[in-house]
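*Asks:* Please read through the structure below; I'll follow up with questions.
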Amino acid sequence: MRHSTVLFFILIALLIIAPIALGSLFSLVSSLRLSYIEADPISVTHVYTQVTSKC
């Protein structure tokens with residue numbers, strides 16, 4: 076296998092894994108925020124819009 080082929084497969088794997096990881100991380104953070112801090116809808120939606128705009 077050539078070096079470029081390996082990089083190509085790594086890139087595809089990252090493209091598949093990254094959205095899943097970001098989604099699970101966001102749900103984890105939001106659930107932690109809701110359990111520890113009193114639910115603040117403004118900041119939650121602000122974080123959500125930041126995350127979705129980066130994707």
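In our numbering, the protein residues as written are 76 to 130.
Built from N, CA and C at the ideal position, the CB exists for glycine as well.
DSSP three-state label for arginine 108, please.
*Replies:* As a position in the sequence shown, residue 108 is number 33, starting the count at 1. Three-state DSSP puts arginine 108 in a helix.
*Asks:* Measure the C-alpha to C-alpha separation of glutamine 125 and leucine 82 and round it to an integer number of angstroms.
*Replies:* Counting from 1 along the sequence shown, the entry for residue 125 is found at position 50. Counting from 1 along the sequence shown, the entry for residue 82 is found at position 7. Cα to Cα, the separation comes out at about 29 Å.
*Asks:* Could you give the distance in angstroms between the alpha-carbon of leucine 89 and the alpha-carbon of valine 104?
*Replies:* Indexing the sequence shown from 1 puts residue 89 at position 14. Indexing the sequence shown from 1 puts residue 104 at position 29. Going from the Cα of leucine 89 to the Cα of valine 104 covers about 21 Å.
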